[in-house]
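Residue 864 in my numbering is what sits at position 5 of the first sequence, and the numbering runs on without skipping anything.
We treat Cβ as the ideally placed atom computed from N, Cα and C, and that holds for glycine.
Below you'll find the structure, written out as structure tokens, and then a few comments.
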Amino acid sequence: MNPANDKNYRERVYEIVRKIPPGRVMTYGQLAEILGEGYTPRTVGYVMHGADTENVPWQRVINSQGGCSTAKMTMPVNLQQGILESEGVVFNEKGKCALVTYLWFPEGYEPEEDQQPSLLE
DNA sequence: AACTTGACGAGGG
DNA sequence: CCCCTCGCCAAGT
């Protein structure tokens, strides 16, 4: 697909993000992998930056380390982390949450037993 | 058309 | 654990 003129390029990302349940998260890389060709973690981040905060639970997309990449932008208080915490996600003192606990996989993309994220806490 | 900039991520030191 | 490099690709200059 030709990303350049495809308005749905962004919509394809939001479509999945809207399905993430409260209190659960997905990573940029995870979304890129599911979307496939033309998408990379970086472009997914770019798309999320322009997300309609009213209709997309943008706060549920974090980086592969379990932290919020918006930390520097919302200084001194990280808005994203705050919202996630209000949804029940617990972050440690370094601003990381346990992906093993909160990572969410869309139907049909559940990980294999042996490749579960082995991260944090 | 060339160059730069990211809400990224894997790999190496 | 921290820091750096490099690949990635849409957008803006």
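Contact set for V923: own chain, Cβ-Cβ below 7 angstroms, skip 5 residues either direction: A small fix is needed here, since residue 923 is Ser in this sequence, not Val. The residues are T886 and G888.
Report yes if the CB atom of R883 is closer than 8 angstroms to the CB atom of R919, and no otherwise. yes
Straight-line CA distance for A957 to A910? 25 angstroms
Paired residues, beta bridge with M885 - DSSP: DSSP lists V920 as the bridge partner or partners of M885.
Report the three-state DSSP secondary structure of G926 (helix, strand or coil). strand
Validate contact between the region 929 to 941 and the region 891 to 903 using beta carbons, cut 8 angstroms, 3 pairs: Contact between the region 929 to 941 and the region 891 to 903 is absent, because fewer than three Cβ pairs lie under 8 angstroms.
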